[in-house]
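Enquirer: Following the numbering used here, the numbering of the sequence shown begins with 364 at its first residue and continues without gaps.
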Amino acid sequence: MPRYDFRCRSCGATFELRRPMSQAGDPAVCPQGHEDTVKLLSTVAVTGAATAAPQAPSGGGGCCGGGCCS
């Protein structure tokens with residue numbers, strides 16, 4: 364079940380609720396009983412193996428090969 368973070372505008376408390384997605388937009392009451400709350404934007408952490416980006420081919424060096432770069 365998804366977790367939603369809320370902040371109370373009355374007392375400043377931040378709290379979380381687990382509820383079905385169908386109730387994501389429903390109002391929430393803070394633990395102190397205040398009803399003036401706002402849903403916070405939650406971040407999602409995705410974990411997994413990261414792969415390295417392919418390396419650019421090496422070689423060349425910008426020299427034209429005309430003997431002027433020695």
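Backbone N, C-alpha and C fix where the C-beta goes; we use that ideal spot for every residue, glycine too.
Just so it is clear, the structure is predicted and the values come from calculations on it, not from any experiment.
Taking only beta-carbon atoms, is Pro365 less than 9 Å away from chain D?
Expert: The structure shown contains no chain D; it holds only a single protein chain.
Enquirer: Give me the residue from Val409, Asp399 and Arg366 with the minimum Cα distance to Arg381.
Expert: By one-based count along the sequence shown, residue 381 stands at place 18. Checked all of Val409, Asp399 and Arg366; the closest Cα to Arg381 is Arg366.
Enquirer: Using a 10 Å radius around the Cβ and a threshold of 16 neighbouring Cβ atoms, would you call Gln406 buried or exposed?
Expert: Mapped onto the sequence shown, residue 406 falls at position 43. The sequence given here has Thr at residue 406, not Gln. Classification of Thr406: exposed, given that the 10 Å Cβ count is below 16.
Enquirer: Answer with buried or exposed for Thr377, where buried requires no fewer than 16 other C-beta atoms within 10 angstroms of its C-beta.
Expert: Counted from its first residue, the sequence shown places residue 377 at position 14. By the neighbour-count rule (16 or more Cβ atoms within 10 Å), Thr377 is not buried but exposed.
Enquirer: Following the continuous beta strand (DSSP E) through Glu379, name the residue where it begins and the one where it ends.
Expert: As a position in the sequence shown, residue 379 is number 16, starting the count at 1. Per DSSP, Glu379 belongs to the beta strand (DSSP E) from Thr377 to Arg381.
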